[in-house]
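Participant:
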Amino acid sequence: MESPSIMRTYQRTVLREPRELLDLVGRELGASEVRTVTQDQIDRFADVTGDHQWIHVDVERAAAGPFGGTIVHGFLTLALVPRLLADILTIESTSMGVNYGLDRVRFVRPLRPGTEIQGVATLTSAERIPAGDGTEGVQAKASVVVEFADDATTCCVAEILFRYYP
Numbered sequence: 001m002e003s004p005s006i007m008r009t010y011q012r013t014v015l016r017e018p019r020e021l022l023d024l025v026g027r028e029l030g031a032s033e034v035r036t037v038t039q040d041q042i043d044r045f046a047d048v049t050g051d052h053q054w055i056h057v058d059v060e061r062a063a064a065g066p067f068g069g070t071i072v073h074g075f076l077t078l079a080l081v082p083r084l085l086a087d088i089l090t091i092e093s094t095s096m097g098v099n100y101g102l103d104r105v106r107f108v109r110p111l112r113p114g115t116e117i118q119g120v121a122t123l124t125s126a127e128r129i130p131a132g133d134g135t136e137g138v139q140a141k142a143s144v145v146v147e148f149a150d151d152a153t154t155c156c157v158a159e160i161l162f163r164y165y166p
């Protein structure tokens, strides 16, 4: 018998300007749309990065391996975090938003191609920063949890820093 999906409802936070982030520290920003990583994406990521390890790209060999099939590169999972965050957070009046870096990242469980995932983000900090033109931007940190959509268990956790400028 199939277990019912417990994926979260897609929820987006829409802000007018970056400084509104300052009032949202400690709050969950929302949940992304459900996304699926394909074997084709894995293969293309392997080509770009040069990481052709068999657990990622050799479907036949991986079927007999420890994961029962190929798995998504951890760094491909991590590369999806900005896309998931873009589903979750929109700032309407900003000239530029940039990824500023990462703090802690953990790959908790392997992700298999074809599996549905969803991101959930909580804003953990926000502070004003000079924008260089006399205005102020905001540097914020969000904890983004990449979950398996069918059971909401964790695949990856990343603390991502980003900057928004007016």
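Residue 1 is where the sequence shown starts when you use UniProt numbering, and the numbers rise one by one after that. Here a beta-carbon is modelled for each residue, glycine too, at the ideal position from N, C-alpha and C.
With distances taken from CA atoms, which of ILE42, ALA140 and LEU84 is nearest GLN11?
Facilitator: Among ILE42, ALA140 and LEU84, the Cα nearest to that of GLN11 is on LEU84.
Participant: If you drop the 5 nearest sequence neighbours on each side, which residues of the same chain put their C-beta closer than 6 Å to that of PHE67?
Facilitator: Same-chain partners within the cutoff: PRO110.
Participant: Look at the Cβ atom of GLU116, then the Cβ atom of ARG8, and state whether they are nearer than 9 Å.
Facilitator: Their beta carbons are not under 9 Å apart, which means GLU116 does not touch ARG8 by this criterion.
Participant: Quick test of your reading: VAL120 and VAL145, contact by CB under 8 Å. State the CB separation rounded to the nearest angstrom.
Facilitator: About 5 Å; that satisfies the 8 Å criterion.
Participant: Does any heavy atom of the ligand GDP sit closer than 8 Å to the C-beta of TRP54?
Facilitator: You won't find the ligand GDP in this model; it holds no ligand whatsoever.
Participant: Can the beta-carbon of VAL138 be found closer than 9 Å to that of ALA126?
Facilitator: Yes, the pair counts as a contact, with Cβ atoms nearer than the cut-off.
Participant: Near GLU2, which residues of its chain fall below 8 Å by C-beta distance, leaving aside the five closest residues on each side in sequence?
Facilitator: Low confidence applies to GLU2: its pLDDT is 41, below 50, so where it sits in the model is not reliable enough to give any reading.
Participant: Quick check: what's the CA-CA separation for LEU15 versus LEU89?
Facilitator: So the two alpha carbons sit approximately 8 Å from each other.
Participant: With DSSP as the reference, label GLY30 as helix, strand or coil.
Facilitator: Residue state, collapsed to three classes: strand.
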